[in-house]
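The structure appears below as structure tokens.
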Amino acid sequence: MSPIIEPGPEGGFAIGKIDQLLNLARKNSLWYLLFGTACCAIELMQTGGPRTDADRLGMVFRATPRQSDVLILAGTITYKMSSRIRMLYEQMAEPKYVIAMGSCANTGGLFQESYSVVSGGDLFLPVDVYIPGCPPRPEALLEGLMLIQQKLEREPWLKKAWSGTPNQSDPWLKPRG
Amino acid sequence: MAFDLAMVLGFWIVSFLALLVFLLFGKLIRPNVPLPVKSSSYECGERPIGPGWFSFNNRFYLIALVFVVFDVEIALVAPVVVVFRDMLAKDMGWLVFAEIFIFLAILFVALIYVWSRGDLRWHQDIPDPTCKPFEIGTKEVNQ
Amino acid sequence: MEELSRNIVEALGLNPFWEQVFYALAIIVVAVVVFMAALTIAGLLTYLERRVAGRIQSRVGPNRVGPLGLLQWLADGLKLVMKEDLIPACADRPMFRLAPYAVVVGVFAAFVSVPFGQLLIAADLNVGIIYLLAITSLVSVGVLMSGWASNNKWSLLGGIRSAAQIVSYEVPSALSILSVVLLAGTLSMQGIIQAQGGQEYHAEFWARGGWPWNWFIFHNPFAFIAFFLYFTAAVAEGNRTPFDLPEAESELVSGYNTEYSGMRFAGFFLGEFANIYLMSAVATTLFFGGWQIPGILPEEQASSWSLQLMGLLIFVFKAAIGCFVVIWLRWTLPRLRVDQLMGLCYKYLVPFAFICLGGNAVYILLIKAGSTFDWIVHGAMTLFGFALVVYFFVRVTHHIRLVKDRVDFDILSRGTKKPFDPAVQTRRYGRHRKGARALEITGQQGKEIG
Amino acid sequence: MIEPTDNNPQRSELVLNMGPHHPSTHGVLRFVVYTDGEIMRRAQPDIGYLHRGIEKIAENKTYPGYMPFTDRINYLEAMFCNQAYAIAIEKILGITPPERAEFLRVIACELNRIASHQVTLGCIAMDLGAFTPFVYLLREREKINDMMEALCGNRLTHNYMRIGGVSADLDDTWLGNLEGFLDHFELILEEFTSLIVYNEILVKRLADVAVICAADAVGYGLVGPNLRASGVNWDCRRDLGYSVYPQLEFDVPLGRGERGTVGDCFERFVVRVEEMKQSCRILRQCLRKLPDGEIQAKVPKMIKAPKAEVYSCVEGARGELGVYVVADGTTKPYRVKWRTGSFSAMSIVEAISRGLMIADLVAVIATLDVIAPETDR
Amino acid sequence: MTLVDLIFYLVAVITVASAAYAVFTRNIVRAVFSLLGTFLGVAALYGFLSADFIAVIQILVYVGGILVLMLFAVMLTSNIETTSSSNRSGGWFLGLLAGTSILIILGTLALKTPWKQTEPSAYSPTTASLGHELLGGALLPFELLSIVLLGVVIGGVVIARFGRKESDT
Amino acid sequence: MGALSSYFSAVGRTIATLGDGLAVTFSYLFRKPVTLQYPDRTVEPLISTLPERSRGILEIDIDVCTGCTMCAKQCPIDCIHVEVVKDPETNQRMLTRFDIDIAKCMFCGLCVESCPASGLRHSHEFEGAMSDVARLMLHFVDKPLPVAKPPKKDEPVQTKPKGSIVREMLRDPWARTRKSKPKAEECGDIG
Amino acid sequence: MNPDQLHKRLQEGLGIEIEWSEGPVDPFYLIPSDFWVKAGLFVRDATDLSFEFLRSLCGVDYPDEKSILVVAHLFSYQHKMPLVLKTKIDRDQPKIESLASVWPAACWHERETYDLLGVVFTGNPDLRRILLPEDWVGHPLRKDYQPPNQYHGIPTTRPVVDCDGEQL
Amino acid sequence: MSTIGLQHYLFISALLFSLGIVCVLTRRHAVAILIGIELILNSASLNMIAFSRFGQGNIQGSVFVLFIIVLAAAEAVVALAMILALQKRMKTIEVDKTNSLKG
Ligand code: SF4
Ligand code: SF4
Ligand code: SF4
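Chains as they are written, first to last, in the numbering used here: chain C, 843 to 1019; chain Z, 943 to 1085; chain B, 3 to 452; chain W, 354 to 730; chain F, 680 to 848; chain D, 47 to 237; chain V, 2 to 169; chain A, 18 to 120.
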């Protein structure tokens, strides 16, 4: 169990008022990277579109990784693409989060057996939230984004910022302690 | 007026310091995790080809060149324009008008000259590809 | 401000040293207050932009932080402060760090001579308007600096585009400003505002300052055109659509600020929005009568604080409309290509600006200020302006009628409509309540976790 | 014609990577742009970032089981991929779907065509800097998505058609909704026209840019709206007369050189707008003519195709969408090859991009309507 | 020393320091950028000298025009290697010598000469009087300047195009 | 004159077309936004407005499953795992495992079409984001249970309300582990 | 022109015997690989054929017959008829002349065939991998293709892991 | 009250002037030479203004400076145009490598 999100008064971190304030700001200004590879990208577009309107919750897209907080793996990831995505992820400024959107990004989905598709974004990136669906409807993506909000609401921010540890949840395949 | 000028200087200094303060304050509450890949320069996810500094298209330069001259012209005309109403009251309006007019007219000539010479044009229009008509049922394609 | 502080100094009877300290303190206080005001304005503008964009695109826009989402900009700002401050490895570090300063100083230092009211001006410079023109050229240096220092191709391209654009559009904007200076006979911002009625025609109520027909935009046809030239050029100088090539998302990723993150990026961002306000404020000052209240003389206005406040509100309101128009343009128009951009400047704007300057000169040479014909021209131009607005609204109603009542169509196509059952629970968002506040609910859901 | 890559550019030449993560290369295309800062010497496309091996996967799937995969060939026009594949297998098996099913297919396809063009036109506008038209079209598309969801259960990856028919029937409410939508959408198109289509900036950006003449268009294998914008009067729906299209009446919009040259970017833009109108027309006729009856022909439970091969094509939103199926007498296809419009459209980019500006490249990609899953499959 | 003096010295130091950096740095782009400090500093000095219009024009023309132009020129003609390494010609020692001696001479001249000074008048706006002057005594040079500028536009463009033929395809 | 008139007509055209475009966008300020403010400010819960056929997350009402494994066979990508074991004592066929990997499923509906018992269906649930991908492998069988009888023709099958099963399974997005497939001991001495 | 006539016309034009099949569905003509480009030129330029549109070009692998069939789908807009040309090449030494000079569209189709099947097209101006990364090993559309175990450190198979975290 | 007098300005101006001279003499990058020239012109202008303020207090100094600024800009434009041409022709803008202006 990741200690970061372990909530509640018992056992978890006491979250200071300052942390709460800072996290409130962070939570309401999640900027996602404008990046999609396949079908799910269309739903990503629709999420920013008028019906769902992620902007309501303060989520806007940015074109450059330097200014984005969330990387949404929207769509199939091929091997040719994976190194580029890794690079984009690396180039994002802390704090950063990753959402795997759709079956392809979760596990490779229907292309799992294909020779050129990575079987899951978590094989090369620390994914925070997995959204099932093929494609997940915009509201589902929004829900995933809200889970990220919940997650960072609970982070002991100052402690993290001062300790200088990269914000990486452990890749799923690695043993969890 | 001294006060006004001091105020201007004060604004310069304050706005400079303000950003500095914000950045310093931010130092307290932001992480700093430099990694080599992270600070590589962004190029759409690719590794950059060639240096980031390059020699660019010099048309920008030509245009800036011309416009700096016009900038200068504004510096010259402004004081004259300011006194235009004064002079009008002194019934010397036509003199001022003539002066500005001649000055601007000469510069306008410069603009027209550069324009008509095509020096400011960017796009050497690509010659029209010779388009052959293609109609279903005719036979003159690719021959 | 100067008079005010002098009065205080005299009242306190300070010795020369303390006098100096007092002046310095006064300057710093004023500067900080104006800076904060400008910051707030810029922040609110980012909010306004998103809200207006939302409404234009039949969305809602940010509405969760604070009442109506009004605090959204604070959240964004705070988050940007908290974001890691990245400097690319091969960047020119000192330059990279300095560039945002140039932009911020260039924009905020210009606020020193923005006349918010008869007395509410930090420094009424004699060369106010030229000072504004001049100091904003720091922005182009800052942008060029950021582009060069980033060592990134997109940034450099964006920076160069931006600088070339600012340099060249300075000419038409300055020329159309000179048209107004010609009419006003002064470079001072307050002077220009007061020249728009009030000075020469004290007698009649309808001839005093503040009425639309006294504004310089309706002074004569050339001034009318000059306004549009100025506005176009100013939009271009502010790098806004349709002239936003330096940060054209679809071409240059994010332009000169591609490599910037966190607070430094916020510097550019705020600079851009403050610049929008600045240009609207200048347009208000030059063409729309500034803070003047219709039918009230400037001297009267100076005498009462309530009138001052009203003037301030009028000014802010007019400038806000300008900002709205800029935002509205941004969300409507496509952008030009770079050669068309330059072509527009030297083929259309500069010649027209020359003609406007000449035309204005001829106008005031031939037609005596305050003569009947002068008034007829003012009146006719005002009517013309309003006719344009009315025609515009006719088009707007046409468009509304065209697709009227069909916007609600969505729900229809969602298939059979089941009766609403308030007890239905969605997975994580608790009991569904009609119109429940988001923050409340998201606040509660924390307890459910774990 | 096309020179091989050299990785040692001249000193004064700037080599720009446009993509794979670049806002204007919707999806994951990449261009290596050789430029002097503004004017391109060459733009070399690099594709394959979304190569998912759909053709290889087919070899391990049963005939009906491959249907969902065809949705992903081109997610913007999933119906057409369904249809092309279904027609191919039906040809091999010698099945004719019932007429109602054919009409349902046409309805679904034409709706899908509108949805696809909405994204395309929106993206053109967005890439040229106008974000709002894009959002308006997304809004309208959302309605089509809703209808699709009501019809076949999913918004994007429909998996609607089956070999020998379609998976679900529709009812009168749905048809009523469709009619309402058409009434609405025709007006929206009118509004869209006044919003952006003849907007002078847009026209100036697109007209006379990247002219593709008819012979080139045919030679490079351009299809669909791109081909018609170049003035070639060809439409598979009309000229090959598959499905029930012969019973329907519609025009085929052609490039006319309205504001520039025939075959320029603006023509490609306008042709698509016109096509949406024609699709509305077709849909209205379908509403009138929709017959009653079965929606699924008799198909054996275990489909075993005889040894045969077939190339079948439909007129998709990006033009001729063909599938070449080699059957070897088992329950699985031996080889499937997809022929897509974007692939050939992409191959012409390098040839026409010479001497254009970077901003024009964006317009070219957008108006050629290149999308990654089609080029890469 | 009063506060005003303090600010004066601050400005003076910034002016001279950034000029010195521009002269002695090896990196030409940074040299040009550091001129920004000099130009702004000189503008501020003009302000101290009550020449408001000139100060503003200094910013407008130097910062907004010449500086940008120089930056363009540098970026246009140099790449990363040459920007950081080009400096110092052979007469480096000689130049420094000349510079120092000139500084000594001029400095002594400036500081030691008993200048006939009048107490400066109060700060007052200069624009209008400048305008009148331009319409009066300086009318001819004013008009002549327009011819010069005409020449500059044409000449600049022609010269810049001079090298075109061979490198442009 | 041709050049001059085209110069001015370009200006005129620009103003006219831009103005009309501006009128369109301006008119939207007076129209209602179409946004459905998911999750909380909608007229009714979004999920209840979804059309009947909407393909959400798969769920199986295990009580009506006949254990015919048709669904597993039909799924093109094998994301349904069904294990049926014959209890040697009672000769009763027992379901020991019914897992659906919704992290892999492509929501195509082929399995649902093939299910004879209509126990397998697409719910309308779409809120399934999880912090642990393993949690997206849904286990519908906790301990071995006998399969249901195949329904008679035209006999309506009673099932639990749509969505009620998976919603429970996916309620907690942050849980990382859970009891999975029944352990061999729990399955008694079968198999 | 019906398939039979087409066959005659082809034989006449190229001056060789051409195998063909009326096929259960689509007829095709098997061109000897030496005549590949010649046939292309002929069907493009002959006015009564004028197949100026290359729909698609692909390869089919037949490991049993030790051969790869290269298939070109052509279409004539003027006569509204399709044509399928095939040629058989050796599977171990797949080499054939490029059609890029006949139809520019062929260039990319050939690159794709090269990438996925390993057929070398001599004379293609830009014969590189097009869909797969440059450093990819093997040609996936061959029937005996075995995907690698890992690519740049990313495993190509996903271990099935149950919720408890234990590998199954 | 202020102790700042003419000398201060003159001294600053002298500093700028000698820096300009050093720049012109020691550097071979054409733009650097231009920098030197601009410094010299700035110092001259500063002198003018200072004298006009502490001297007779007339406006001629300002007019002259205005002209200087304009001419400085003009000179910069031409010089930079030449640099550009030079670079195109000679592929270098190190002035001591370009002995002749012939192309
Ligand atoms: S999860 Fe489905 S919809 Fe999303 S990219 Fe993969 S195949 Fe496309
Ligand atoms: S919906 Fe499709 S992919 Fe998912 S389990 Fe059913 S058959 Fe398999
Ligand atoms: S009854 Fe339905 S759910 Fe159960 S095994 Fe058979 S097909 Fe699957």
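The beta-carbon is built from N, C-alpha and C at its ideal position, and this holds for glycine as well.
Proximity test, Cβ basis, 9 Å: residue i and chain D
{"i": "residue 422 of chain W", "result": "yes"}
{"i": "residue 50 of chain B", "result": "no"}
Cβ pair residue i, residue j closer than 9 Å
{"i": "residue 76 of chain A", "j": "residue 725 of chain F", "result": "no"}
{"i": "residue 406 of chain W", "j": "residue 959 of chain C", "result": "yes"}
{"i": "residue 248 of chain B", "j": "residue 145 of chain B", "result": "yes"}
{"i": "residue 58 of chain B", "j": "residue 334 of chain B", "result": "yes"}
{"i": "residue 29 of chain V", "j": "residue 87 of chain V", "result": "yes"}
{"i": "residue 891 of chain C", "j": "residue 943 of chain C", "result": "no"}
Three-state secondary structure assigned by DSSP to residue i
{"i": "residue 168 of chain D", "result": "strand"}
{"i": "residue 680 of chain W", "result": "strand"}
{"i": "residue 394 of chain W", "result": "strand"}
{"i": "residue 53 of chain V", "result": "coil"}
{"i": "residue 48 of chain D", "result": "helix"}
{"i": "residue 521 of chain W", "result": "coil"}
{"i": "residue 34 of chain V", "result": "helix"}
{"i": "residue 920 of chain C", "result": "strand"}
{"i": "residue 476 of chain W", "result": "helix"}
{"i": "residue 597 of chain W", "result": "coil"}
Minimum Cβ-Cβ distance from residue i to chain Z less than 9 Å
{"i": "residue 98 of chain A", "result": "yes"}
Neighbour flag for residue i against chain V, beta carbons, 9 Å
{"i": "residue 489 of chain W", "result": "no"}
Test: residue i CB closer than 9 Å to a CB of chain C
{"i": "residue 458 of chain B", "result": "In the structure as shown, chain B begins at 3 and stops at 452. Residue 458 of chain B is therefore absent and cannot be evaluated."}
{"i": "residue 122 of chain D", "result": "yes"}
Any chain B beta carbon closer than 9 Å to residue i
{"i": "residue 709 of chain F", "result": "yes"}
Proximity test, Cβ basis, 9 Å: residue i and chain W
{"i": "residue 58 of chain B", "result": "yes"}
- request: Please specify which runs of the alpha helix (DSSP H), each continuous and at least 4 residues long, are wholly inside the region 950-980 of chain C, giving them in chain order.
  value: Here no run is fully enclosed.
Every unbroken alpha helix (DSSP H) within the region 176-230 of chain B, with a cutoff of 4 residues, ordered by chain: 191-197
Given 8 Å, three or more beta-carbon pairs between the region 343-356 of chain B and the region 549-563 of chain W: no
Alpha helix (DSSP H) runs contained entirely in the region 333-391 of chain B, provided each spans 4 or more residues: 340-345 and 352-368
query: Below 8 Å, can you find three or more Cβ-Cβ pairs linking the region 401-418 of chain W to the region 700-716 of chain F?
result: no
message: I want to know whether the region 988-1001 of chain C touches the region 162-169 of chain D - three or more CB-CB distances under 8 Å.
response: For the pair of segments examined, the region 988-1001 of chain C was found not to touch the region 162-169 of chain D: the number of CB pairs separated by less than 8 Å stays below three.
message: Could you check whether the region 605-618 of chain W touches the region 97-108 of chain V, counting it as contact only if at least three pairs of C-beta atoms, one from each stretch, sit closer than 8 Å?
response: With the cut-off at 8 Å, the region 605-618 of chain W and the region 97-108 of chain V do not touch.
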